[in-house]
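Asks: Provided herewith is a single structure, encoded as structure tokens, for subsequent inquiry.
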Amino acid sequence: EKRFKSINMAENKRIVLVGAGNVATHLGMAWQKAGYEIVQVYSRTSDSALELADRLGVGYTTLLEEICNDADVYVVMVKDAVLQVVKGREDALFVHTAGSMPMSVWEGHALRHGVLYPMQTFSKAREVDFASVSFFVEANGDSDLMILKNMASTLSPKVYEATSVQRTSL
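Going by my numbering, the sequence shown opens with residue 9, and the numbers climb by one from there.
This is the structure in structure tokens:
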């Protein structure tokens, strides 16, 4: 008999955005509007970090070692930062948003990990109608898959499970 950890969604509402580009801007604002707490923004450049942090009313950093340690979910939208973010935050869920990057990049680095891929081209200048955006999620555990499904479904009714191989062909 397989046991499932019970999930209290209120416990998984603190998000750090690792990246401050188009995807981070739209997802961060949408999740904040949906009741998630964006606790911090990280970007390599202070201009983009400050711009998004100001829009969200949160703190920011340009140093990986200064990313806060007490978030529930770290959404990584910067390819070169994917694995460095994990250090010191082993209890959290780590996800990336790239359709073409496999979930396996997390293996050996993050105990809890997954992918939350919005199949959409994002532009800061154009408003996103999330209700029409398809989200593809994958996680290495059932409870984390439920967390990602919930995070995506607060933005869109079109949420699907897809493996790394399936996402590559999308």
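Quick reminder that beta carbons are idealized off the backbone N, C-alpha and C, glycines included.
Predicted model only: the values in this text are computed from it and were never measured.
Name the DSSP beta bridge partners of M127, please?
Replies: Position 119 of the sequence shown holds residue 127. Looking at the DSSP assignment, M127 forms a beta bridge with S142.
Asks: Take G27 as the anchor and find which of Y44, L58, N158, E45 has the nearest alpha-carbon.
Replies: Here residue 27 corresponds to residue number 19 of the sequence shown, with the count starting at 1. Of the listed residues, the one whose Cα sits closest to G27 is L58.
Asks: For Q188 versus V31, is the C-beta spacing smaller than 8 Å?
Replies: The requested residue 188 does not occur in the structure, where the chain is confined to residues 9 to 178.
Asks: Given a cut-off of 8 Å on the beta-carbon distance, is the pair L153 and L124 in contact?
Replies: Here residue 153 refers to the residue found at position 145 of the sequence shown. Here residue 124 refers to the residue found at position 116 of the sequence shown. Cβ atoms of L153 and L124: not closer than 8 Å.
Asks: Short of 8 Å in beta carbon distance, which residues of its chain neighbour V136, apart from the five on each side in sequence? Order them along the chain.
Replies: On the sequence shown, residue 136 is found 128 positions in, with the first residue counted as 1. Cβ within range, chain order: H34, A38, Q128, F130.
Asks: Going by DSSP, what residues sit across from I23 in a beta bridge?
Replies: As a working mapping, residue 23 is identified with position 15 in the sequence shown. Bridge partners of I23: I46, V81.
Asks: List the DSSP bridge partners of E169.
Replies: Stepping through the sequence shown from its first residue, residue 169 is reached at position 161. Note: E169 sits in a beta bridge opposite V145.
Asks: Within 10 angstroms of the Cβ of L178, are there 16 or more other Cβ atoms? Answer buried if so, exposed if not.
Replies: Residue 178 sits at position 170 when you count from the first residue of the sequence shown. Exposed is the call here.
Asks: So, for R120: in the same chain, excluding its five sequence neighbours on each side, which residues have a beta-carbon less than 6 Å away from its beta-carbon?
Replies: For the purposes of this step, residue 120 is taken as residue 112 along the sequence shown, with counting starting at 1. So the list reads L101, D152, once near-sequence residues are dropped.
Asks: The beta strand (DSSP E) spanning V103 covers which residue range?
Replies: Reading the sequence shown from its first residue, position 95 is the one you call residue 103. Note, V103: beta strand (DSSP E), 101-104.
Asks: Just grab the DSSP bridge partners of H121 for me.
Replies: Reading the sequence shown from its first residue, position 113 is the one you call residue 121. F102.
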